[in-house]
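> Dumping the structure here so I can ask a few things about it.
Number of protein chains: 2
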Amino acid sequence: MTGPIDFYFDFISPYGYLASTQIEKIAAKHGRDVVWHPFLLGVTVMNVMGLKPIMETPLKSDYALIDRPRMAKLFGVPLVIPDLDGVNSLAASRAYYWLAEQDAQLAKDFAKRIFHRLWVDGEGITDADTVITEAAAVGVKSDSLRAGLQQDRTKALLRDAVDRAVARKVFGAPFFIVDEEPIWGIDRLWMLDHWLRHGSWDQT
Amino acid sequence: MTGPIDFYFDFISPYGYLASTQIEKIAAKHGRDVVWHPFLLGVTVMNVMGLKPIMETPLKSDYALIDRPRMAKLFGVPLVIPDLDGVNSLAASRAYYWLAEQDAQLAKDFAKRIFHRLWVDGEGITDADTVITEAAAVGVKSDSLRAGLQQDRTKALLRDAVDRAVARKVFGAPFFIVDEEPIWGIDRLWMLDHWLRHGSWDQT
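So the protein lines, in turn, are chains A and B.
Each residue of the first sequence is one higher than the one before, starting from 1 at the first, in the numbering used here.
Each residue of the second sequence is one higher than the one before, starting from 1001 at the first, in the numbering used here.
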């Protein structure tokens, strides 16, 4: 089996960011490609699942605060905890799909900058100007992206992507699907690795 | 650091069962003891956190059905999916704490039988007679346990244990606390192992 790994995330998820620093390495080790799929965690978690965001969930929110920095340490990558008040990933996710239609690698490079901006620099990613600036840094023409972001077609690209993620029963970030196996969570990279190595869940 | 590992679970959690098959091995490898703490997931998840049970949560319930058997495969242990309708762990958990006051090892042996009954044999664990029968199989006098289960003092033991778990911010099963580090989930045994080996979250 040599199909790609589908990697689902929301830019506003720190675990999504952490996964983005690891997934290409893991995939490359096993000769797989990775297709990145930003989606909107809020739509899935609140509208479809009827749950609250983690940071509004008693007990789990305390755990998340302890867990994020130690997870970054385990992966040896930087992580700050930014103020997420009012931050959303709508424009960045639309820009991603608009770019991905033209050049998948460029879209990934852009996604990495957005992750870096929020989770390493601790700066906002919400407004269109910011998204356009980050895209420009990887060579995207600002005027075309600005126009693209306003097209209904671009908005539909993201909406469809979110619908498809829900249809595939993706409900958290990061979420991986490989060879039809759904794997949820930054804490399950070992399972992803196991599957890629063995193609089964049997012990070895 | 040589303190024990606190292992929190609910008998009705399949992931709690799976963890019970692994935790003593992991602890022994690092010279640690394990203290078992059954608690009532329903009280924590529904009353304290305001969430729904996993199997009533869209998307996550589908995932759980796929995930349980493969997790059992990964650990090389048997697992059936019993009908959990009407099943609760109140009497079994009370019996556990009543026993643990007398003999911690005996209480663990009893807990293993309850887990086995539900998750390997696929049989109920709810009623007092069943709990008493399983306890008898590890040498517990049925009349004393029957009397014990009806004492307010025994009920208070469990209530206090659940309160203490919430106070320590335990919110899922399995949940481990070692050296004050909280670690949630069957998918994080690798983190527990890392901590026991290194006593830090630094990469190695």
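Note that the Cβ used here is the ideal one computed from N, Cα and C, for glycine as well.
(1) Name, in chain order, the residues that DSSP records as bridge partners for residue 119(A).
(2) Cα separation between residue 167(A) and residue 177(A)?
(3) Please go through the same chain and pick out, in chain order, the residues whose beta-carbon is closer than 6 Å to the beta-carbon of residue 1141(B), but skip the five residues on each side of it.
(4) Compare the C-beta of residue 1000(B) against all C-beta atoms of chain A and say whether one is closer than 8 Å.
(5) Distance cutoff 8 Å, beta carbons only. Does residue 1015(B) sit that close to anything in chain A?
(6) Could you compute how far the alpha carbon of residue 1030(B) sits from the alpha carbon of residue 1092(B)?
(7) How would you label residue 135(A), buried or exposed, when you count the other beta carbons within 10 angstroms and need 16 or more for buried?
(8) Output needed for residue 80(A): all residues of its chain with C-beta closer than 7 Å, excluding positions within five of it in sequence on either side, in chain order.
(9) Within the continuous beta strand (DSSP E) that includes residue 253(A), where are the two ends?
(10) Quick check: the segment 1140-1158 of chain B against the segment 1046-1062 of chain B, are there 3 or more CB pairs under 8 Å?
(11) Could you tell me whether the Cβ of residue 119(A) comes closer than 8 Å to any Cβ of chain B?
(12) Whose CA, out of 1033(B), 1161(B) and 1071(B), lies closest to the CA of residue 1009(B)?
(13) Leaving out the 5 sequence neighbours to the left and right, which residues in its chain are closer than 8 Å to residue 191(A) when beta-carbon positions are compared?
(14) Would you report the Cα separation of residue 128(A) and residue 75(A), rounded to the nearest angstrom?
(15) Work out the CA separation of residue 54(A) and residue 173(A) for me, nearest whole Å.
(16) Among the candidates 1042(B), 1046(B) and 1022(B), whose CA atom is the shortest distance from the CA of residue 1036(B)?
(17) How about residue 201(A): is its C-beta nearer than 8 Å to some C-beta of chain B?
(18) What residues from chain B crowd round residue 8(A), counting only those whose CB sits closer than 9 Å?
(19) Does DSSP classify residue 1166(B) as helix, strand or coil?
Checking against the coordinates, here is how it stands:
(1) Paired residue(s): none; residue 119(A) is not in a bridge.
(2) If you draw a straight line from the Cα of residue 167(A) to the Cα of residue 177(A), it is about 13 Å long.
(3) Counting only Cβ-Cβ distances below 6 Å, and skipping sequence neighbours, we find nothing.
(4) Residue 1000(B) is absent from the model: chain B starts at 1001 and stops at 1204.
(5) No, residue 1015(B) lies away from the interface with chain A (no Cβ there is under 8 Å from its Cβ).
(6) Distance between residue 1030(B) and residue 1092(B), taken at the CA atoms: about 30 Å.
(7) Result: buried.
(8) Result list for residue 80(A): 119, 120 and 122, in chain order.
(9) The displayed coordinates of chain A run from 1 to 204. Any statement about residue 253(A) would go beyond what the structure contains.
(10) Because the criterion of three Cβ pairs below 8 Å is not met, the segment 1140-1158 of chain B and the segment 1046-1062 of chain B do not touch.
(11) Not one chain B Cβ lies under 8 Å of residue 119(A).
(12) Considering only alpha carbons, the answer is 1161(B).
(13) The residues are 183.
(14) Near 31 Å, if we compare the C-alpha coordinates of residue 75(A) and residue 128(A).
(15) The straight-line gap from Cα to Cα measures roughly 12 Å.
(16) Considering only alpha carbons, the answer is 1022(B).
(17) True, the Cβ-Cβ gap to chain B drops below 8 Å.
(18) Here the premise fails: no neighbours, minimum Cβ distance about 12 Å.
(19) In the structure shown, residue 1166(B) sits in a helix (DSSP, three-state: H, G or I).
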